[in-house]
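Chemist: Handing you this structure, nothing more for now.
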Amino acid sequence: GEAEAAIEACRQLVEGYRVIYPPAHPLLGLQLYTLGNLEVDAGDRSAGERHLLEARGILTITHGEASRMVQGLDVLLSSC
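The opening residue of the sequence shown carries number 638 in the working numbering; numbering runs sequentially from there.
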């Protein structure tokens with residue numbers, strides 16, 4: 638379905654971003670956030686949590702612990 642197609646497209650973007658961007662690049666963090674969110678919504682909490690935690694690590698560096706984005710990510714992680 639559409640959710641699976643979105644997850645697969647997002648996974649492909651993440652893999653491409655891992656090749657062209659450094660490990661703590663904000664675009665990689667944002668794409669991991671999106672991927673994790675899609676996975677949680679689709680019921681794959683294990684994969685979703687893994688990607689959200691990786692996103693949090695990156696976005697804490699790029700945006701700061703107190704940023705709204707990281708705080709929103711923490712809310713999402715608390716539901717995993």
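Where is the CB? At the ideal position from N, CA and C, for every residue including glycine. Bear in mind that the values here come from a model prediction, so they are computed numbers and not experimental data.
Using the rule of at least 16 other Cβ atoms within 10 Å of the residue's Cβ for burial, across every protein chain shown, is Q649 buried or exposed?
Modeler: Exposed, since its Cβ has fewer than 16 Cβ neighbours within 10 Å.
Chemist: Quick one: residues in its chain with C-beta nearer than 6 Å to the C-beta of R693, no 5 flanking neighbours on either side, listed in chain order?
Modeler: L710
Chemist: Is A640 helix, strand or coil by DSSP?
Modeler: helix
Chemist: Between which two residues does the alpha helix (DSSP H) harbouring S683 extend?
Modeler: It spans 682 to 700 - the alpha helix (DSSP H) in which S683 sits, taken as one unbroken run.
Chemist: Could you compute how far the alpha carbon of E691 sits from the alpha carbon of G673?
Modeler: 9 Å
Chemist: Output the distance between the C-alpha atoms of V677 and V651, rounded to the nearest integer angstrom.
Modeler: 16 Å
Chemist: Please return the same chain residues whose Cβ sits closer than 8 Å to the Cβ of T671, not counting the five positions on each side in sequence.
Modeler: C647
Chemist: Out of S715, G653, Y654, E639, point me to the one whose CA is closest to G685's CA.
Modeler: S715
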